[in-house]
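The structure appears right after this line, and notes come after that.
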Amino acid sequence: MRRFSWFNATSLTLGFAFLYLPMVILVIYSFNASKLVTVWAGFSTRWYVELFQDQEFLDAAWVTVRVAVFSSTIATVLGTMAASVLVRAGRFRGRTLFSGMIYAPLVMPEVITGLSLLLLFIGIGLDRGIFTIVLAHTTFSMCYVSVVVSSRLATFDRSLEEAALDLGCSPFQAFRLVTLPIIAPAVISGWLLAFTLSLDDLVIASFTTGPSATTLPIKIFSAVRLGVSPQINALSTIMIAIVAVGVITASLITKRAAVTQARDEQAAVRATG
Amino acid sequence: MSQTVFAPWENPEEKPLIEFRNVTKRFGSFTAIDDLSLDIYAREFFALLGPSGCGKTTMMRMLAGFENATEGQILLSGQNIGPIPPNRRAVNMMFQSYALFPHLSVWENIAFGLKRESKDKEAISARVEEMLRLTRLTKFAKRKPHQISGGQRQRVALARSLAKAPKLLLLDEPLGALDRKLREETQFELMDIQEKTGTTFVIVTHDQEEAMTVASRVAVMDEGKLIQVATPDVIYEAPNSVYVADFIGDVNLIEGRGTTEGERIRLDWAEGQPPIWATPRGPVDTDRALTFAIRPEKVSIAKDKPEDRRNLLEGEVIDIAYLGNISTYHVKIAGGQIIKAQTANTRRLANRDITWEDRVWLSFTETSGVLLEH
Numbered sequence: 308m309r310r311f312s313w314f315n316a317t318s319l320t321l322g323f324a325f326l327y328l329p330m331v332i333l334v335i336y337s338f339n340a341s342k343l344v345t346v347w348a349g350f351s352t353r354w355y356v357e358l359f360q361d362q363e364f365l366d367a368a369w370v371t372v373r374v375a376v377f378s379s380t381i382a383t384v385l386g387t388m389a390a391s392v393l394v395r396a397g398r399f400r401g402r403t404l405f406s407g408m409i410y411a412p413l414v415m416p417e418v419i420t421g422l423s424l425l426l427l428f429i430g431i432g433l434d435r436g437i438f439t440i441v442l443a444h445t446t447f448s449m450c451y452v453s454v455v456v457s458s459r460l461a462t463f464d465r466s467l468e469e470a471a472l473d474l475g476c477s478p479f480q481a482f483r484l485v486t487l488p489i490i491a492p493a494v495i496s497g498w499l500l501a502f503t504l505s506l507d508d509l510v511i512a513s514f515t516t517g518p519s520a521t522t523l524p525i526k527i528f529s530a531v532r533l534g535v536s537p538q539i540n541a542l543s544t545i546m547i548a549i550v551a552v553g554v555i556t557a558s559l560i561t562k563r564a565a566v567t568q569a570r571d572e573q574a575a576v577r578a579t580g
Numbered sequence: 539m540s541q542t543v544f545a546p547w548e549n550p551e552e553k554p555l556i557e558f559r560n561v562t563k564r565f566g567s568f569t570a571i572d573d574l575s576l577d578i579y580a581r582e583f584f585a586l587l588g589p590s591g592c593g594k595t596t597m598m599r600m601l602a603g604f605e606n607a608t609e610g611q612i613l614l615s616g617q618n619i620g621p622i623p624p625n626r627r628a629v630n631m632m633f634q635s636y637a638l639f640p641h642l643s644v645w646e647n648i649a650f651g652l653k654r655e656s657k658d659k660e661a662i663s664a665r666v667e668e669m670l671r672l673t674r675l676t677k678f679a680k681r682k683p684h685q686i687s688g689g690q691r692q693r694v695a696l697a698r699s700l701a702k703a704p705k706l707l708l709l710d711e712p713l714g715a716l717d718r719k720l721r722e723e724t725q726f727e728l729m730d731i732q733e734k735t736g737t738t739f740v741i742v743t744h745d746q747e748e749a750m751t752v753a754s755r756v757a758v759m760d761e762g763k764l765i766q767v768a769t770p771d772v773i774y775e776a777p778n779s780v781y782v783a784d785f786i787g788d789v790n791l792i793e794g795r796g797t798t799e800g801e802r803i804r805l806d807w808a809e810g811q812p813p814i815w816a817t818p819r820g821p822v823d824t825d826r827a828l829t830f831a832i833r834p835e836k837v838s839i840a841k842d843k844p845e846d847r848r849n850l851l852e853g854e855v856i857d858i859a860y861l862g863n864i865s866t867y868h869v870k871i872a873g874g875q876i877i878k879a880q881t882a883n884t885r886r887l888a889n890r891d892i893t894w895e896d897r898v899w900l901s902f903t904e905t906s907g908v909l910l911e912h
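Chains A and B, in that order, are what the protein sequence lines are.
For the first sequence, the working numbering gives the first residue as 308, with consecutive numbering after it.
For the second sequence, the working numbering gives the first residue as 539, with consecutive numbering after it.
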């Protein structure tokens with residue numbers, strides 16, 4: 308029996324307020340007409356207009372989008388490959404070690420990841436710029452992709468792949484024609500996750516970037532050090548919106564796919580007469 | 539009857555389609571298949587029958603190419619198929635779970651294998667239509683697997699595996715997921731399709747009735763070995779071991795010591811009881827431990843002692859299982875052993891004269907049972 312109780316309502320309100328109040332304030336102030344961040348002077352979208360006329364911000368945004376698209380795409384390919392090996396290869400020597408090593412960067416402090424990548428890039432004499440940020444973002448976001456994809460593959464009926472082989476597919480064709488279409492929702496949500504992670508990364512990007520490539524988070528961070536401008540609020544609001552859409556879409560896809568896949572597979576496996 | 543009986547295994551000239559030559563398969567320290575040799579001929583409907591874990595599925599997976607033999611060779615049309623990957627074998631498999639591709643329609647599922655052969659579109663389409671007609675699925679061509687019933691899915695799986703016209707079709711417990719009535723119908727459908735297409739079928743099943751119904755020959759397996767390979771009637775009427783007799787159908791087993799007396803064997807099975815007389819299939823050593831196996835339907839039951847039967851056992855009715863068309867009487871004989879006797883219920887239930895705790899006589903002829911050595 309579920310009843311309304313003041314205790315539950317209060318806990319819920321406090322919890323969510325703690326989580327979202329700062330963002331709500333940021334969003335509200337992004338529509339502030341006043342130049343002073345802390346003084347409300349009526350509703351206005353002028354900071355959004357100004358933002359879109361600021362070439363530096365637009366450049367940074369373009370860098371960020373490119374980095375996010377490339378790194379999440381590479382991360383999806385690598386993460387899916389890693390996931391299929393780990394789920395499929397059975398128990399080979401060192402399997403636990405391998406899966407542990409794939410997931411370790413998930414919990415690795417970003418400062419350490421960033422620093423070690425920086426040392427590597429300097430060591431091999433790679434000029435820092437967009438390319439190095441892409442590499443760095445791929446490194447950490449592929450772990451997330453492989454977690455998402457391997458949880459889908461774990462429930463994948465192996466005989467579907469065997470059936471494809473039996474009907475004349477090469478192993479690669481079997482993957483492309485049967486496995487991939489079926490696990491596609493997980494792969495897509497993995498991509499979206501990687502995309503959003505790359506979009507808002509500051510720490511690793513600042514370690515691995517060069518003078519030619521400033522991403523939005525780096526731009527915002529350095530701008531804020533000179534004082535919070537309403538423009539930054541507007542920009543942050545846009546980023547919150549993009550990230551929220553990405554994360555919500557990813558989770559919706561996963562959830563809906565899980566439901567339909569379960570239904571389809573069960574229906575296809577179990578005969579109901 | 540001038541019809542020739544299909545029995546290529548009795549013709550020494552006939553070349554087998556599949557040859558297992560001393561095949562052993564080990565998974566780690568577990569031996570799934572133990573030095574097994576077997577010939578299967580073209581156009582056969584061959585059943586591998588056994589309890590789970592007996593190695594029957596492993597044999598099928600070796601034929602399909604998903605497992606490789608640890609030792610020995612498997613030949614298909616005289617060619618060693620060991621090094622050939624599954625996608626290059628003229629063998630198709632119908633999976634126990636059907637393994638229909640959920641993202642493809644019935645039509646696309648059936649066309650899947652054909653498309654891999656780089657045939658032209660019209661040939662593929664004609665073949666798919668033919669398969670749809672054969673399995674009576676034309677109406678459902680556009681549906682997805684989850685939009686059709688279990689029986690229909692089973693037929694899609696069959697159509698898909700037959701579409702490439704394989705030399706050999708493997709069926710892994712194909713009817714396991716269907717309910718009893720549908721299963722019986724489908725068994726006849728399978729036999730019909732097998733005959734129409736002339737494909738060699740190898741079916742794996744743990745259901746002995748299914749194996750007996752569909753197969754031209756049955757191989758009874760246990761622990762990675764073949765116990766008996768024979769036609770269903772031989773398996774049933776003349777099992778070569780207690781294991782086979784016990785595994786296939788219902789059977790009464792009476793242990794005793796056998797002595798040859800002229801043409802017959804005398805089996806002394808209990809102190810102070812008249813012996814059982816049986817005709818041996820081959821020469822039997824005198825005074826050996828033997829088991830007499832007789833099917834319940836070959837045992838007659840009567841209230842009055844029949845005078846004309848050689849083999850008589852007296853006992854008391856313990857239980858009666860009424861199955862509608864037949865009744866099985868459980869009769870306790872000397873020594874406490876229960877013997878089952880089956881009679882067809884040709885008369886109405888009310889007219890039946892034998893009931894619980896009645897003293898009854900069980901009788902059978904000398905040729906109705908078999909003697910099995912230990």
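Built from N, CA and C at the ideal position, the CB exists for glycine as well.
- Is A/W347 helix, strand or coil when you go by DSSP? The residue given as residue 347 of chain A occupies position 40 in the first sequence. The answer is coil: DSSP assigns A/W347 none of H, G, I, E or B.
- How about A/S466: is its C-beta nearer than 8 Å to some C-beta of chain B? Position 159 of the first sequence, counted from the start, is the residue given in the question as residue 466 of chain A. Yes, contact with chain B.
- Taking the alpha carbon of B/W799 as the point to measure from, which residue in B/I858, B/W815 and B/L791 has its own alpha carbon closest? Taking the first residue of the second sequence as 1, we reach residue 799 of chain B at position 261. Correcting the residue identity first, residue 799 of chain B is Glu in this sequence and not Trp. Of the candidates B/I858, B/W815 and B/L791, the one whose C-alpha sits nearest the C-alpha of B/E799 is B/W815.
- Apart from the five residues just before and just after B/S540, which ones in its own chain have a Cβ nearer than 6 Å to its Cβ? Stepping through the second sequence from its first residue, residue 540 of chain B is reached at position 2. Caution applies to B/S540, whose pLDDT of 44 falls short of 50 and renders its modelled position unreliable; the model cannot decide the point.
- Message: According to DSSP, is B/W807 part of a helix, a strand, or is it coil?
- Response: As a working mapping, residue 807 of chain B is identified with position 269 in the second sequence. Three-state DSSP puts B/W807 in coil, outside helix and strand.
- Message: Measuring straight from C-alpha to C-alpha, what distance separates A/I409 and A/T380?
- Response: The residue you call residue 409 of chain A lines up with position 102 of the first sequence. The residue you call residue 380 of chain A lines up with position 73 of the first sequence. Straight-line Cα distance between these residues: approximately 18 Å.
- Would you call the region 417-430 of chain A and the region 486-493 of chain A in contact, with 3 or more CB pairs under 8 Å? no
- Can you grab the Cα-Cα spacing for the pair A/G580 / A/F323, in whole Å? Against the first sequence, residue 580 of chain A aligns to sequence position 273. Against the first sequence, residue 323 of chain A aligns to sequence position 16. Note that A/G580 scores a pLDDT of 37, beneath 50, so its modelled location is shaky; the value from the coordinates is reported in the next line. Rounded to whole angstroms, A/G580 to A/F323 spans 49 Å at the Cα level.
- Item | Backbone secondary structure at B/I744 - three-state DSSP | Here the question's residue 744 of chain B lines up with position 206 in the second sequence. Checking the sequence shown, residue 744 of chain B turns out to be His, not Ile. Coil.
- Message: For A/W498, count the other beta carbons within 10 Å of its own beta carbon; 16 or more makes it buried, fewer makes it exposed. Which is it?
- Response: Stepping through the first sequence from its first residue, residue 498 of chain A is reached at position 191. Classification of A/W498: buried, given that the 10 Å Cβ count is 16 or more.
- Under 7 Å Cβ-Cβ, which residues of chain B neighbour A/A470? By 1-based counting over the first sequence, the position of residue 470 of chain A is 163. Those within 7 Å of A/A470 in chain B are F633 and A637.
- Message: Here's a check: name, in chain order, each residue in its chain whose Cβ is nearer than 6 Å to the Cβ of A/L385, leaving out the five neighbours to either side.
- Response: Your numbering for residue 385 of chain A matches position 78 in the first sequence. Hits under 6 Å: M449.
- Query: In chain B, which residues lie less than 8 Å from A/C476 when you measure between Cβ atoms?
  - Reply: Position 169 of the first sequence, counted from the start, is the residue given in the question as residue 476 of chain A. Those are N625 and R654, listed as they occur along chain B.
- For B/Q732, is the classification buried or exposed, using 16 other Cβ atoms within 10 angstroms of its Cβ as the cut-off for buried? Position 194 of the second sequence holds residue 732 of chain B. Label assigned to B/Q732: buried.
- Task: Kindly indicate if chain A contains any beta-carbon less than 8 Å away from that of B/N849.
- Result: If you number the second sequence from 1, residue 849 of chain B lands on position 311. No, B/N849 does not count as interfacial toward chain A.
- Task: State the start and end residues of the unbroken beta strand (DSSP E) segment that holds B/N863.
- Result: Locating residue 863 of chain B in the second sequence gives position 325, where the first residue counts as 1. Note, B/N863: premise wrong, no beta strand (DSSP E); not H, not E.
- Message: Quick check on the DSSP output: the alpha helix (DSSP H) that includes A/L319 runs from which residue to which?
- Response: Here residue 319 of chain A is taken as the residue at index 12 of the first sequence, counted from 1. Here the alpha helix (DSSP H) through A/L319 covers W313 to S337.
- Task: Starting from A/P518, find everything on chain B with Cβ-Cβ shorter than 8 Å and list it in chain order.
- Result: Counting from one through the first sequence, the residue named residue 518 of chain A turns up at place 211. Neighbours of A/P518 on chain B: none; closest Cβ ~48 Å, over 8 Å.
- Query: Comparing the C-beta of B/P640 with each C-beta of chain A, is any distance below 8 Å?
  - Reply: Taking the first residue of the second sequence as 1, we reach residue 640 of chain B at position 102. Judged by the 8 Å Cβ criterion, B/P640 is in contact with chain A.
- Message: Using CA atoms only, rank isn't needed, just tell me which of B/E660, B/I578, B/S643 and B/L850 is closest to B/T769.
- Response: By 1-based counting over the second sequence, the position of residue 769 of chain B is 231. Of the candidates B/E660, B/I578, B/S643 and B/L850, the one whose C-alpha sits nearest the C-alpha of B/T769 is B/I578.
- Span of the beta strand (DSSP E), counted from its first residue to its last, around B/G610: Here residue 610 of chain B refers to the residue found at position 72 of the second sequence. B/G610 -> beta strand (DSSP E) spans E609 to L614.
- Query: Identify the residues that DSSP records as bridge partners of B/V908: which are they?
  - Reply: Locating residue 908 of chain B in the second sequence gives position 370, where the first residue counts as 1. Note: B/V908 sits in a beta bridge opposite B/A831.
- Selected residue, minimal CA-CA separation from A/D473, among B/K878, B/E605, B/A545 and B/V543: Taking the first sequence and counting its residues from 1, the one referred to as residue 473 of chain A is at position 166. The option with the nearest alpha carbon to A/D473 is B/E605.
- Item | Terminal residues of the beta strand (DSSP E) in which B/F902 lies | In the second sequence, counting from the first residue as 1, residue 902 of chain B sits at position 364. Residues R897 to F902.
- Can you tell me which of the three DSSP states B/Q732 falls into? For the purposes of this step, residue 732 of chain B is identified with residue 194 of the second sequence, where counting begins at 1. Note: B/Q732 maps to helix in three-state DSSP.
- What's the C-alpha gap between A/A530 and A/G432? Start at 1 with the first residue of the first sequence, and residue 530 of chain A comes out as number 223. Start at 1 with the first residue of the first sequence, and residue 432 of chain A comes out as number 125. When rounded, the distance between both Cα atoms is 30 Å.
- From the DSSP output, in three-state form, read off B/H641 for me. Here residue 641 of chain B corresponds to residue number 103 of the second sequence, with the count starting at 1. If DSSP states are grouped into helix, strand and coil, B/H641 belongs with coil.
- Task: Enumerate in chain order the residues of its own chain whose CB-to-CB distance from A/A578 is below 6 Å, with the five nearest sequence positions on each side excluded.
- Result: If you number the first sequence from 1, residue 578 of chain A lands on position 271. Interpretation of A/A578 is limited by its pLDDT of 43, a score under 50 that renders its predicted location unreliable; the figure taken from the coordinates is listed afterwards. Same-chain partners within the cutoff: there are none.
- Flag B/S540 as yes if its beta-carbon sits less than 8 Å from any beta-carbon of chain A, otherwise no. Within the second sequence, the letter at position 2 stands for residue 540 of chain B. Note on B/S540: pLDDT 44, under 50, position unreliable in the model; the coordinate value appears next. B/S540 does not count as touching chain A.
- Name, please, each residue of chain B whose Cβ falls closer than 9 Å to the Cβ of A/V394. Along the first sequence, read from residue 1 onward, the residue named residue 394 of chain A stands at position 87. Per Cβ cutoff of 9 Å: no residues; A/V394 is ~18 Å from chain B at best.
- Residues of the region 664-684 of chain B with Cβ closer than 9 Å to any Cβ of chain A, in chain order: K682, P683 and H684
- beta strand (DSSP E) containing B/A585: first to last residue? Sequence index remark: in the second sequence, residue 585 of chain B carries index 47 (1-based). First-last of the beta strand (DSSP E) with B/A585: F583 to L587.
- Task: Give the interface partners of A/P488 over in chain B, defined as CB-CB distance under 7 Å, in chain order.
- Result: Your numbering for residue 488 of chain A matches position 181 in the first sequence. Within chain B, the residues near A/P488 are H641.
- Message: Any beta carbon of chain B sitting closer than 8 Å to that of A/R570?
- Response: Numbered from 1 along the first sequence, position 263 holds the residue referred to as residue 570 of chain A. With 8 Å as the cut-off, A/R570 counts as an interface residue toward chain B.
- Query: Hey, is A/V550's beta-carbon within less than 8 Å of any beta-carbon in chain B?
  - Reply: One-based indexing of the first sequence puts residue 550 of chain A at position 243. No, no contact with chain B.
- Under 8 Å Cβ-Cβ, which residues of chain A neighbour B/N630? On the second sequence, residue 630 of chain B is found 92 positions in, with the first residue counted as 1. Within 8 Å Cβ-Cβ: D473 and L474.
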